[in-house]
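S.K.: This is the structure, below, for whatever I ask next.
Quick look at the structure:
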């Protein structure tokens, strides 16, 4: 089946620094990827839609200058959390439509802790 | 935009009993309704999905029903086992193929199967 790999699995950073999270489709191409954020004991909330070769589409309330998304190739999308603050601590998960786009495949998630 | 409500938020059943989780959605254009099981710190795992041209789908102990008129769908787990204990999320999206579009998730149900 289709595999989406996310890296790193967890990261701890200091307030004010930036963190980059990678999402790769390993055995298929993905022109679109989705980034979700999940706070403890809450649901997954869509942050943005990453489009290969064009600008990402952000959901209402998500700061595009703070959460930078780059989809430079058909197999890689990156999310950079800039000037991270403790309230950005969360579980970030990417997903991509698999071949035929009949099902969404999720990365393993990244646990971000900002101290 | 789409809004998905999910009930109950917690559900405790005895091993062997059935469990039912219900979701309602608001956007009549939604046509793909997956259910995910998520264990703590892990990625969501698709357990079953249904498209709007079908009213019911079953896979062994798991079944999903869809009522388009009422805009609600339900997950049914029979003969529950301790390993079924997890958080379950319903979701909705629209699109030709179902898996290619962004997902709106329900709020989640913590299922606990007791011995």
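Chains as they are written, first to last, in the working numbering: chain A, 248 to 362; chain B, -4 to 110.
All C-beta atoms in this analysis are idealised placements derived from N, C-alpha and C, irrespective of residue type, glycine included.
Nearest-angstrom Cα distance between residue 17 of chain B and residue 288 of chain A?
M.R.: Cα to Cα, the separation comes out at about 18 Å.
S.K.: Please tell me whether residue 81 of chain B and residue 34 of chain B are closer than 8 Å, where the distance is taken between their beta carbons.
M.R.: Cβ atoms of residue 81 of chain B and residue 34 of chain B: closer than 8 Å.
S.K.: Using 8 Å as the threshold, is the stretch 343 to 351 of chain A in touch with the stretch 305 to 315 of chain A, meaning 3 or more CB pairs across them?
M.R.: With the cut-off at 8 Å, the stretch 343 to 351 of chain A and the stretch 305 to 315 of chain A do not touch.
S.K.: I think residue 330 of chain A touches residue 359 of chain A, with their Cβ atoms under 8 Å apart; what is that distance to the nearest whole Å?
M.R.: No, residue 330 of chain A and residue 359 of chain A are not in contact; Cβ-Cβ is about 13 Å, not under 8 Å.
S.K.: Determine the contact status of residue 343 of chain A and residue 280 of chain A, defining contact as a CB-CB distance below 8 Å.
M.R.: Contact flag set, yes.
S.K.: So what does DSSP say about residue 79 of chain B, is it helix, strand or coil?
M.R.: If DSSP states are grouped into helix, strand and coil, residue 79 of chain B belongs with the helices.
S.K.: Quick check on residue 34 of chain B: does DSSP put it in helix, strand or coil?
M.R.: Coil, per DSSP.
S.K.: Within the 8 Å Cβ cut-off, does residue 357 of chain A reach chain B?
M.R.: Closer than 8 Å: no.
S.K.: State whether the stretch 62 to 75 of chain B contacts the stretch 252 to 265 of chain A, with contact taken as three or more CB pairs (one from each stretch) at a distance under 8 Å.
M.R.: The answer is no - the stretch 252 to 265 of chain A does not touch the stretch 62 to 75 of chain B, with fewer than three Cβ pairs under 8 Å.
S.K.: Give the C-beta separation of residue 148 of chain B and residue 110 of chain B to the nearest angstrom, bearing in mind that I take them to be a contact with Cβ-Cβ under 8 Å.
M.R.: Lying before the first or after the last residue shown, residue 148 of chain B is absent from chain B, which here runs from -4 to 110.
S.K.: Just the Cα atoms here: how many angstroms apart are residue 326 of chain A and residue 264 of chain A?
M.R.: Cα-Cα distance, rounded: 14 Å.
S.K.: Using a Cβ-Cβ cutoff of less than 8 Å, which residues in the same chain neighbour residue 112 of chain B once the five nearest sequence positions on both sides are dropped?
M.R.: As displayed, chain B neither begins before -4 nor continues past 110, which places residue 112 of chain B out of reach and without an answer.
S.K.: Excluding sequence positions up to five away, which residues of its chain have a Cβ less than 8 Å from the Cβ of residue 43 of chain B?
M.R.: Within the same chain, residue 43 of chain B has close Cβ partners 29, 30, 52, 54, 57, 58, 59 and 70.
S.K.: I'd like to know whether the C-beta atoms of residue 296 of chain A and residue 97 of chain B end up nearer to each other than 8 Å.
M.R.: For residue 296 of chain A and residue 97 of chain B, yes; Cβs fall inside 8 Å.
S.K.: Helix, strand or coil, according to DSSP, for residue 201 of chain A in the structure here?
M.R.: This structure cannot speak to residue 201 of chain A, because chain A is shown only from 248 to 362.
S.K.: Let me check understanding here. Comparing Cα to Cα, which of A/248, A/292, A/267 and A/322 lies closest to residue 316 of chain A?
M.R.: Nearest C-alpha to residue 316 of chain A: A/267.
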